[in-house]
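Heads up: the structure comes next, in structure tokens.
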Amino acid sequence: MLVPATMAALAVLICFGGNYLTGQSMMERPLVVGLVTGLLLGDMKVGILMGASLEALFLGNVNIGGVIAAEPVTATAMATTFTIISHIDQKAAMTLAVPIGMLAAFVVMFLKNVFMNIFAPMVDKAAEANHQGQLVMLHYGTWIIYYLIIASISFIGILVGSGPVNAFVEHIPQNLMNGLSAAGGLLPAVGFAMLMKLLWTNKLAVFYLLGFVLTAYLKLPAVAVAALGAVICVISSQRDLELDAITKGAFSNQTSFDSKESEEEDFFA
Numbered sequence: 001m002l003v004p005a006t007m008a009a010l011a012v013l014i015c016f017g018g019n020y021l022t023g024q025s026m027m028e029r030p031l032v033v034g035l036v037t038g039l040l041l042g043d044m045k046v047g048i049l050m051g052a053s054l055e056a057l058f059l060g061n062v063n064i065g066g067v068i069a070a071e072p073v074t075a076t077a078m079a080t081t082f083t084i085i086s087h088i089d090q091k092a093a094m095t096l097a098v099p100i101g102m103l104a105a106f107v108v109m110f111l112k113n114v115f116m117n118i119f120a121p122m123v124d125k126a127a128e129a130n131h132q133g134q135l136v137m138l139h140y141g142t143w144i145i146y147y148l149i150i151a152s153i154s155f156i157g158i159l160v161g162s163g164p165v166n167a168f169v170e171h172i173p174q175n176l177m178n179g180l181s182a183a184g185g186l187l188p189a190v191g192f193a194m195l196m197k198l199l200w201t202n203k204l205a206v207f208y209l210l211g212f213v214l215t216a217y218l219k220l221p222a223v224a225v226a227a228l229g230a231v232i233c234v235i236s237s238q239r240d241l242e243l244d245a246i247t248k249g250a251f252s253n254q255t256s257f258d259s260k261e262s263e264e265e266d267f268f269a
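Using this note's numbering, the letters of the sequence shown map in sequence onto residues 1 to 269.
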């Protein structure tokens, strides 16, 4: 199991570390992490399917205040790896992603708030002395240390946990596995509900109702509903631009009229 553990850790390092190294390029999204993990483990189809499913779950995943949200990169990499090497049902494997993500989130929070502060005085001294080479070394050195520690979570989890997971799965009653599969099928709806809670306004209720009718009653696929939403978005944007132009034109005409009246009053005064 050394190779799958190494591939899972490498996927985390590429997607999590590479995301911030390339300027927040969204490589840390589950859709990309699942693809990279599946590619490294030789099963791209499962990787894409797991990534798409977990993307829906973590779509509204946001840290607000003191609430720590689950970390999606480690969760996706480990859930995808367990699915591929242990042949777990994909929906059941999704239920593993949430506790794994929460554990990884606490580790990431500890690294950010405690461990990485050890290097802060070194950075301050290098900046004060204008040692640019030392600053560059500290920047990339701490990057390597930080993301290697995060990647080690997946490595250790797969290396140590693959055996127990295999044994555990073999002894799971079929009824319980069916329940886990059903719960996994509900998780994407939870992700969309979290996102909707952030975006919801009374004005958007009619669009939500429209999407529900199109999907539940007219049985349109998600791609068709998304395309219709894009058309509505374009039409609404064009209408807003036209109204904005009319408003600006009316304001300009009113300003010109007021200016002429002022000039006439000054002339006859």
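Don't be surprised by glycine CBs; every beta carbon is placed ideally from N, CA and C.
Can the beta-carbon of residue i be found less than 8 Å from the beta-carbon of residue j?
i      : j      : result
PHE82  : ALA70  : no
VAL107 : ILE158 : no
THR74  : VAL136 : no
ALA126 : LEU138 : yes
GLY58  : PRO99  : A small correction: the amino acid at residue 58 is Phe; Gly does not occupy that position in the sequence shown. Cβ atoms of PHE58 and PRO99: not closer than 8 Å.
MET27  : GLY18  : yes
ALA52  : PHE192 : no
PHE155 : ALA9   : yes
ASP43  : ILE88  : no
ILE144 : LEU111 : no
Could you tell me if residue i is buried or exposed, where buried requires 16 or more neighbouring beta carbons within 10 angstroms of its beta carbon?
i      : result
THR22  : exposed
ILE246 : exposed
TYR146 : buried
ILE14  : buried
PRO173 : exposed
ASN130 : exposed
GLY141 : exposed
ALA77  : buried
GLY161 : buried
LYS91  : buried
THR37  : buried
SER237 : exposed
VAL32  : buried
GLY295 : In this structure the chain extends from 1 to 269, so residue 295 is not present and cannot be described.
ALA105 : buried
GLY34  : buried
ALA205 : exposed
ALA97  : buried
PHE267 : Legend: pLDDT at PHE267 = 47, less than 50; position of this residue unreliable, value from coordinates given subsequently. Counting Cβ neighbours within 10 Å, PHE267 comes out exposed, since fewer than 16 surround it.
Taking the alpha helix (DSSP H) that residue i belongs to, which residues open and close that run?
i      : result
GLN90  : 90-113
MET78  : 72-86
LEU39  : 30-41
ASN19  : 18-21
THR6   : 2-12
LYS125 : 120-128
VAL208 : Position check: residue 208 holds Tyr in this sequence, whereas Val was assumed. Segment 205-216, the alpha helix (DSSP H) holding TYR208.
MET50  : 44-57
Would you please state the rounded distance, in angstroms, between the beta carbons of residue i and residue j? I believe it to be under 8 Å.
i      : j      : result
GLY47  : LEU39  : 6 Å
PRO4   : LEU41  : 6 Å
LEU228 : LEU214 : 7 Å
THR80  : MET50  : 4 Å
GLY211 : VAL225 : 6 Å
If we define contact as Cβ-Cβ less than 8 Å, is residue i a contact residue for chain D?
i      : result
THR201 : Protein chain content of the structure displayed is limited to a single chain, and chain D is not contained in it.
Looking at residue i and the ligand MN, is the gap between the Cβ and the nearest heavy atom below 7 Å?
i      : result
GLN132 : Judged by which ligands are present, the structure shown has none, so any question about the ligand MN falls away.
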